[in-house]
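Report on one structure; see the data block that follows.
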Amino acid sequence: MKKIALFTCTLLLNQISFGQASGNINYQNQISFSENNINVGTPSNLDIVVSAKGLANIKADSFVAIFSITQVGKSTEEVNDLMEKRITQALTELKLKKGIETFVDMISFVPVYEFEVEKKTFSKKSYNEIPKGFELKKNIHIKYTDANQLNELITILSNQEIYDLVRVDYFSSTLDNIKKEMIDKSRVTLQEKIKNYETILGTSFANTEKRITDGFRVMLPAEMYKSYESFNSSSLNLKKSANINIADKSPTLYYQPIINKEFDFVINSTILEPVIQVMYEVKLVINREKKQISPNDKEYIIITPNGDMKNLNITK
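Throughout the sequence shown, residue numbering follows mature numbering (1 follows the signal peptide of the UniProt record, and there is no 0), covering -21 to -1, 1 to 295 in sequence.
Following this line, the structure appears as structure tokens:
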């Protein structure tokens, strides 16, 4: 029967010692990456587990960039007029670009307050909130098909003082087809592994109880960026009373895709740019102790007139 289951810091008494500290990823002695590989759970009461695991790197064919705009003014009319001019001019230039689609999303429209000091002769000062103006926030969603177009979009929007790039979403029209291809490749891999086990054990798993589970996991580029501080400080032995000024270290972001390891197969193994990564795993559990009973494997027993029971062999 088949079942489907889815610095360290050391403080000395007389002096402080600063050891060499390196924030560059290539200088670090130990680099630890989080476990982001797919790991489908295993059914219970297992005997033999056969699994197939695959990875697909899919190049996006469309993108949506979201830019945030904030406008303040003393009145609602002023805020709306200023915002409208910025957005209209930006959209007019964007429409001149081939393959560009836009959508303006209303986010918030709220009053802005400030404190006014109220002086009193025989008591302390009072601070009262009074309306200062209004703040309007909108987002511009821009769909484009060429990743290099983002530089052009930034140039156009920055001319209208629109600088806040919220995020970029990646999409692929081939995702469903890639998933089907991964299922097919996993099935072939699984069958090959089963045949290998049968050859090694000298047996057949045709009539054994089996349980199967599988699953997909999709990782988008926005989820795969990591950061580190690129710097290398000198080693100094200074007195405790020394005045030390530490410079601010600028963090660096880099794209860290899932590494091509522990997979039975990889589709599009070479990665040049951020891609959509899809993982698929299927696990099959073969319970050799529980043999399936065929509908034809029936046992017939007759009772004799003396009350004895005997097996009756019936050949069809």
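All residues carry an ideal CB built from backbone N, CA and C; glycine is no exception. All figures in this text were calculated on a predicted structure; none of them were measured in a lab.
{"query": "Distance, lysine 76 Cα to isoleucine 121 Cα", "result": "11 angstroms"}
{"query": "Within the stretch 200 to 265, ranges of the beta strand (DSSP E) (whole runs, at least 3 residues)", "result": "204 to 208, 215 to 218, 230 to 234 and 244 to 246"}
{"query": "Euclidean distance between Cα positions of residue 298 and glutamate 56", "result": "Only positions -21 to 295 of the chain appear in the structure, and residue 298 is not among them; the question remains open."}
{"query": "CB-CB length for glutamine 128 against arginine 65, believed under 8 angstroms", "result": "Not quite, the Cβ-Cβ distance comes to about 21 angstroms (not below 8 angstroms), so this is no contact."}
{"query": "Contact the stretch 240 to 248 vs the stretch 157 to 171: 3+ CB pairs below 8 angstroms", "result": "yes"}
{"query": "Pairwise C-alpha distance: phenylalanine 42 and asparagine 18", "result": "29 angstroms"}
{"query": "Outcome for glycine 181 when other beta-carbon atoms lying within 10 angstroms are tallied against a minimum of 16", "result": "exposed"}
{"query": "For alanine 44, the three-state DSSP class (helix, strand or coil)", "result": "strand"}
{"query": "Spatial neighbours of glutamine 50 in its chain, beta-carbon cut-off 6 angstroms, leaving aside the 5 residues before and after", "result": "Val58, Leu61, Met62 and Leu115"}
{"query": "With 16 other Cβ atoms within 10 Å as the buried cut-off, status of proline 230", "result": "exposed"}
{"query": "Closest by C-alpha distance to proline 110, when choosing among Lys103, Tyr123 and Tyr92", "result": "Tyr92"}
{"query": "Same chain only: Cβ atoms within 6 angstroms of methionine 258, ignoring 5 sequence neighbours per side", "result": "Ile17, Leu34 and Arg196"}
{"query": "Boundaries (first-last residue) of the beta strand (DSSP E) holding lysine 74", "result": "Per DSSP, lysine 74 belongs to no beta strand (DSSP E) and is neither H nor E."}
{"query": "Beta-carbon spacing of leucine 144, phenylalanine 46 below 9 angstroms", "result": "yes"}
{"query": "Own chain, CB closer than 6 angstroms to asparagine 285, minus 5 neighbours either side, in chain order", "result": "none"}
{"query": "Nearest-angstrom Cα separation, counted from phenylalanine 242 out to phenylalanine 184", "result": "25 angstroms"}
{"query": "Contact belief for phenylalanine 150 with alanine 39 at Cβ below 8 angstroms, rounded distance in angstroms", "result": "6 angstroms"}
{"query": "Residue burial classification, threonine 201 (beta-carbon count within 10 angstroms, cutoff 16)", "result": "Strictly speaking, residue 201 in this sequence is alanine, with threonine absent from that position. When all chains shown are included, alanine 201 counts as exposed."}
{"query": "CB-CB length for isoleucine 179 against isoleucine 27, believed under 8 angstroms", "result": "Actually they are not in contact, since the Cβ atoms of isoleucine 179 and isoleucine 27 sit about 11 angstroms apart, beyond 8 angstroms."}
{"query": "Three-state secondary structure (DSSP) of residue 306", "result": "This structure leaves residue 306 out entirely; the chain is present only between -21 and 295."}
{"query": "Lysine 205 versus tyrosine 234 - alpha carbon distance", "result": "6 angstroms"}
{"query": "Residue burial classification, arginine 190 (beta-carbon count within 10 angstroms, cutoff 16)", "result": "buried"}
{"query": "First through last residue of the alpha helix (DSSP H) which encompasses tyrosine 176", "result": "154 to 180"}
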